[in-house]
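Encoded as structure tokens, the structure appears first; notes follow it.
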Ligand SMILES: Nc1ncnc2c1ncn2[C@@H]1O[C@H](COP(=O)(O)OP(=O)(O)O)[C@@H](O)[C@H]1O
Ligand SMILES: [Mg+2]
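Chains as they are written, first to last, in the working numbering: chain A, 78 to 579; chain B, 42 to 448.
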């Protein structure tokens with residue numbers, strides 16, 4: 078039996094994907110996991126690899142440290158973001174463990190959206206947006222009302238919830254949108270302040286942009302940075318990009334490092350943005366960033382590649398797509414990053430493969446989660462595997478032999494095809510037929526992820542954004558001008574290092 | 042005709058404020074709208090005149106509305122819920138509401154409703170007091186229905202897309218014939234019945250829709266410009282000095298015609314009553330004439346001694362055209378008047394209720410071309426060939442309904 082022991086912290090779909098990726102390593106690692114729920118997919122991989130599934134709270138440094146001491150792993154991989162924020166990485170490193178995952182200070186890049194935006198302005202990282210952070214709910218509401226056409230977010234990472242876009246796509250809607258924004262901002266600020274005590278600001282109000290979204294996941298040891306294939310997530314709950322915001326209802330990637338609607342050049346520029354970010358973090362905090370860092374990007378008409386938010390981890394569902402895309406040894410990738418030896422690693426991917434990942438959620442996610450909890454799920458794994466698809470368990474818990482929903486996205490189905498997205502999507506649809514609830518409770522997913530009509534819309538939007546930003550660049554424009562009768566010519570200078578200088 | 046549905050996912054959002062602009066985006070279709078609003082108290086219904094000075098909708102997170110009289114509202118109560126439906130085409134909104142209200146689950150209710158053949162030539166939108174919405178486009182596809190989204194906030198449905206964009210939304214999809222979409226703040230499902238035909242009303246493209254809309258995927262402005270150009274291609278031997286379009290609907294056609302013939306386009310009339318649509322306004326014959334006259338005050342001294350082509354979008358009763366020609370002849374001493382109609386002859390009332398014209402007032406039904414020419418006092422009368430319109434729409438997969446244009 079192999080000597081290499083890896084401990085993975087967390088028990089969601091992302092950690093399931095990590096477990097699968099790591100299990101394929103030529104090091105044939107024994108896999109240990111610490112998590113508070115029992116994820117059946119991970120449990121199986123722990124057992125078959127000769128490892129163990131330990132119960133413990135991933136966010137509790139003591140729990141994780143205890144598990145680590147018991148196992149003496151060669152490498153610890155932190156899956157979710159919350160353990161990073163609650164100093165799990167710091168405590169483990171302090172005790173001499175080799176950890177893949179950023180420290181609590183460097184993970185501020187995700188936790189604190191104001192910190193991230195400020196860093197971008199201070200170090201002039203391209204793709205930055207105007208923003209302002211607030212502590213006081215009233216003040217935040219007042220600003221949201223005055224600024225208009227804005228996006229209101231919790232200043233702290235809140236698990237993909239709370240963001241509302243108050244678009245003034247037409248001037249005649251501005252009063253209605255601003256009033257709605259103000260009311261919501263106040264309510265959100267109060268909620269965030271009640272819920273989180275570990276951050277100063279409650280709200281961030283940002284300028285709204287439009288375009289095509291994609292995620293660039295990268296792995297870094299603080300010096301070298303390796304970009305993984307670009308993945309597109311789908312934040313809307315419903316088909317046709319309708320419905321409330323979710324943590325992601327599925328994702329597509331392929332046929333190589335880039336998607337059909339993102340160019341090689343845009344991929345490179347996005348990589349540069351993330352690279353500049355880790356450099357700036359080093360400058361700012363005098364600390365190397367070690368682990369995964371991802372840019373949730375949007376191709377916009379102003380900047381081209383624009384940063385919406387950072388993840389101090391792999392994206393979920395995005396990482397599921399990697400199951401079919403990574404050819405080289407993923408465990409070695411993470412291990413070399415954790416040991417500061419990434420420069421000698423050579424990433425290989427499957428060219429020419431289209432991957433579609435679809436999340437399945439119990440009805441009620443995300444707006445009425447109580448309803449979505451506790452439904453027994455049946456998954457015919459055999460039939461799904463026959464289709465060549467992978468199953469990733471997420472918001473489920475194995476209780477007395479029954480698989481119960483926890484209220485979040487229950488599982489993900491990942492399928493691939495060499496023929497195209499449409500084909501991979503059709504496979505996933507077939508596979509989803511083998512997932513149901515024993516109590517007849519409704520499960521939801523998006524049939525349109527990977528559909529042809531869907532890609533077509535993305536291509537068109539990306540083309541429009543590209544036309545606009547290349548024109549802007551050709552003219553060397555980093556200023557936005559506006560004529561306000563009576564006030565004169567006002568401008569906003571994006572080349573300055575302060576966000577609010579107009 | 043013309044229907045609308047807005048549904049916000051956060052119940053504290055005021056859909057009524059957005060729907061106001063949606064209804065404004067449909068008011069070119071008529072002078073009365075009925076609506077139903079869903080809020081914490083249940084369903085409230087009412088009726089407004091969207092052309093009147095001050096009107097508003099009650100507060101609520103979801104709204105349905107339809108332009109009367111061809112669209113209408115029905116309300117029904119079941120054991121556990123109330124349902125409001127706005128429908129157009131050949132169906133009774135109250136009956137639809139009754140069936141929807143008699144089922145507990147909307148998926149069962151909807152399949153019961155739409156499986157009926159009598160629903161094939163209908164489109165409807167509905168709301169239930171359970172907080173669910175439903176939208177259906179009948180299998181014949183006669184009545185179009187498009188869908189859009191506004192950020193993470195809401196979903197919108199409307200007969201054409203201008204109301205969707207006016208409410209801040211982005212147009213995303215045209216319901217396919219036989220497609221039903223229903224949902225709530227926690228789910229959304231859709232499916233398409235078999236046997237659908239895309240026989241979208243040709244009259245939508247010709248006259249009803251706004252030029253800043255898509256209807257069933259067709260860009261209305263481009264359709265009209267193209268039709269103008271197509272008539273021009275068949276009418277290129279006569280000499281024309283100048284082209285004039287009859288405001289408002291005919292302007293894109295006139296532009297297409299003028300461009301194709303390389304003849305200048307002039308504005309000939311100025312309106313005193315805004316963009317009033319005299320053809321569908323609820324007026325008596327006398328009032329309609331008065332309104333027309335106010336809408337078409339001629340620009341002086343532009344057409345004297347000239348051969349002009351007057352382009353109109355369609356000729357129904359011929360009243361508008363009569364007024365136009367008369368005014369030009371009387372004030373400008375024009376040399377020749379060639380009338381170009383950018384639609385085929387309308388000779389029947391619409392069996393689906395898309396318009397409710399008395400067949401005996403249809404000039405092209407009652408009179409032949411020679412008589413019309415005499416009645417209108419014009420030198421030439423050219424109609425768009427039906428084949429030209431069909432060829433264009435078929436290239437987009439639509440075989441439009443033209444029952445009012447064929448015998
Ligand atoms: N500045 C912006 N302009 C337009 N849309 C935005 C902006 N910021 C966020 N969004 C939209 O909101 C979603 C969620 O915002 P994000 O910052 O990623 O927060 P979360 O932590 O909830 O994922 C994004 O995926 C994007 O669709
Ligand atoms: Mg995000």
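Cβ atoms here follow ideal geometry from the backbone N, Cα and C, with glycine treated the same way. Note that the structure is a prediction, hence the values are computed from the model and not measured.
| Query | Result |
| --- | --- |
| Buried or exposed (CB count within 10 angstroms, at least 16 for buried), residue 82 of chain B | exposed |
| Closer than 9 Å to chain A by CB, residue 53 of chain B | yes |
| Contact the stretch 315-335 of chain A vs the stretch 219-238 of chain B: 3+ CB pairs below 8 Å | yes |
| Per-residue burial, residue 478 of chain A [other beta carbons within 10 Å of its own, 16 or more giving buried] | exposed |
| Supposed contact pair residue 283 of chain A and residue 207 of chain A - C-beta distance, whole angstroms, cut 8 Å | 7 Å |
| Residue 299 of chain B vs residue 383 of chain B beta-carbon contact at 9 Å | no |
| Proximity test, Cβ basis, 9 Å: residue 377 of chain B and chain A | no |
| Reference residue 443 of chain A, options A:115, A:139, A:323 and A:290, closest by Cα | A:323 |
| Collapsed DSSP secondary structure at residue 466 of chain A in the structure displayed | coil |
| Distance between residue 450 of chain A and residue 158 of chain A (C-alpha atoms, nearest Å) | 23 Å |
| Endpoints, beta strand (DSSP E) assigned at residue 41 of chain A | This structure cannot speak to residue 41 of chain A, because chain A is shown only from 78 to 579. |
| Residue-level contact to chain A via CB, residue 214 of chain B, 9 Å cutoff | yes |
| Check: residue 267 of chain A C-beta below 8 Å from any heavy atom of ligand 2 | no |
| Coarse secondary structure for residue 237 of chain A, derived from DSSP in three states | coil |
| DSSP three-state assignment for residue 343 of chain B, whether helix, strand or coil | coil |
| Test item: CB-CB of residue 179 of chain B and residue 162 of chain B under 9 Å | yes |
| Spatial distance of residue 436 of chain A from residue 488 of chain A (CA atoms) | 6 Å |
| Distance, residue 514 of chain A Cα to residue 374 of chain A Cα | 35 Å |
| Residue 346 of chain A beta carbon near ligand 2 (any heavy atom closer than 8 Å) | no |
| CB contact flag (residue 270 of chain A, residue 214 of chain A, <9 Å) | yes |
| Cβ-based burial, residue 315 of chain B [other Cβ within 10 Å; buried from 16] | exposed |
| Spatially closest choice to residue 82 of chain A from A:113, A:268, A:123 and A:116, by CA coordinates | A:123 |
| is_contact[residue 320 of chain A, chain B] using C-beta, thresh 9 Å | yes |
| Beta-carbon proximity of residue 250 of chain A to residue 65 of chain B, cut-off 9 Å | no |
| Buried or exposed by the 16-neighbour rule on C-beta atoms within 10 Å, applied to residue 527 of chain A | buried |
| Contiguous beta strand (DSSP E) assignments of at least 3 residues, all confined to the stretch 406-445 of chain B | 421-424 |
| As assigned by DSSP and simplified to three states, the class of residue 219 of chain B | coil |
| Ordered list of alpha helix (DSSP H) runs contained in the stretch 398-456 of chain A, each at least 4 residues | 407-415 and 446-449 |
| Limits of the unbroken beta strand (DSSP E) element including residue 118 of chain B | 112-118 |
| Cβ-heavy atom distance, residue 321 of chain A to ligand 1, below 8 Å | no |
| N-terminal and C-terminal residue of the alpha helix (DSSP H) that residue 267 of chain B is part of | 261-275 |
| Own chain, CB closer than 7 Å to residue 509 of chain A, minus 5 neighbours either side, in chain order | 435, 437, 490 and 522 |
| Neighbour-count burial assignment, residue 561 of chain A, 16 or more Cβ in a 10 Å radius | exposed |
| Residue from B:426, B:331, B:385 and B:417 whose Cα sits closest to the Cα of residue 369 of chain B | B:417 |
| 6 Å Cβ shell around residue 380 of chain B - same chain, five flanking residues per side excluded | 351, 419 and 422 |
| Under 9 Å between C-beta atoms of residue 409 of chain A and residue 104 of chain A | yes |
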